[in-house]
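Before any comments, here is the structure.
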Amino acid sequence: TATAVYRNRISRDPIFLTAEASSVGGFYAVNRCGQVLLATVNEATIVPFVSGQSNNLELAVNLAKRGNLPGAEELVT
């Protein structure tokens, strides 16, 4: 199952194509007008954001483990 962590509109026009941007840890998207967009995650702040905003400690810790991300050190004692 999936859990929505954050939603934000990145384009007024519909996105019709996406591709992984593995070199930067995000994805490229192309909208109907031909704009190429790049979306990434701030790896230094995503775990504290998930634990604080969604109040989901389990999700934050699992995200840190699976993605080898910082931020869970103070969540686990």
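Per UniProt numbering, residue 1 is the first one in the sequence shown, and the count goes up by one each step.
Yeah, the Cβ is synthetic: ideal placement off N, Cα and C, and Gly gets one too.
Since this is a predicted model, take the numbers as computed values, not measurements.
- [ ] Over the uninterrupted alpha helix (DSSP H) stretch that includes E20, give me the two end residues.
- [x] Taking the first residue of the sequence shown as 1, we reach residue 20 at position 20. Run containing E20: none in the alpha helix (DSSP H); it sits in the beta strand (DSSP E), I15 to A21.
Open item on the list: Taking the straight line between their C-alpha atoms, what separation do you get for T40 and F27?
Closed with: Here residue 40 corresponds to residue number 40 of the sequence shown, with the count starting at 1. Here residue 27 corresponds to residue number 27 of the sequence shown, with the count starting at 1. T40 and F27: Cα-Cα distance of roughly 7 Å.
Open item on the list: Please report the distance separating the alpha-carbon of V50 from that of T18.
Closed with: The residue given as residue 50 occupies position 50 in the sequence shown. The residue given as residue 18 occupies position 18 in the sequence shown. Their Cα atoms are separated by approximately 24 Å.
Task: Beta-carbon proximity of L75 to T3, cut-off 7 Å - done: Along the sequence shown, read from residue 1 onward, the residue named residue 75 stands at position 75. Along the sequence shown, read from residue 1 onward, the residue named residue 3 stands at position 3. Contact: no.
- [ ] Report the residue from L38, N68 and G52 whose alpha carbon sits nearest the alpha carbon of I10.
- [x] For the purposes of this step, residue 10 is taken as residue 10 along the sequence shown, with counting starting at 1. Nearest to I10 by C-alpha distance, out of L38, N68 and G52, is L38.
- [ ] Using a threshold of 7 Å, state whether the C-beta atoms of V47 and G71 are closer than that.
- [x] Here residue 47 is taken as the residue at index 47 of the sequence shown, counted from 1. Here residue 71 is taken as the residue at index 71 of the sequence shown, counted from 1. A contact, by the Cβ cut-off of 7 Å.
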